[in-house]
Amino acid sequence: PTPAAAGAARPDLAPGHGERRAGHDAAIDPVCKMEVDIGTAAYVSQYEGKTYYFCAPGCKTAFDANPAAYV
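Note that this note's numbering has the sequence shown beginning at 33, numbered continuously upward.
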């Protein structure tokens, strides 16, 4: 993509999903690939020394059952 297109919003994503905003600390849920705000994430797991953030309890449960499948 051209430099201008590289920073453009993706029309296939709902607003706020998968896009970073300035000053916004975010992580990508390794299960569903949704963007999760690190500052307000209610569901968090540790695996091999790294912290993973989840959008919902179901994603955390799936990850905790088999983390190697998602990293």
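Just so you know, even glycine gets a beta-carbon here, dropped at the ideal spot from N, CA and C.
In the DSSP assignment, find the alpha helix (DSSP H) that holds residue i and state where it starts and stops.
i: Thr93; result: 89-97
May I ask which residues mark the beginning and end of the beta strand (DSSP E) holding residue i?
i: Thr83; result: 82-86
Per DSSP, which residues does residue i bridge with? Please list them.
i: Asp69; result: Ala58
i: Val76; result: Tyr85
What is the rounded straight-line gap between the Cα of residue i and the Cα of residue j?
i: Ala73; j: Ala94; result: 17 Å
i: Tyr102; j: Gly71; result: 22 Å
i: Glu67; j: Cys87; result: 8 Å
i: Tyr75; j: Asp61; result: 10 Å
i: Val63; j: Pro89; result: 11 Å
i: Ala58; j: Lys82; result: 15 Å
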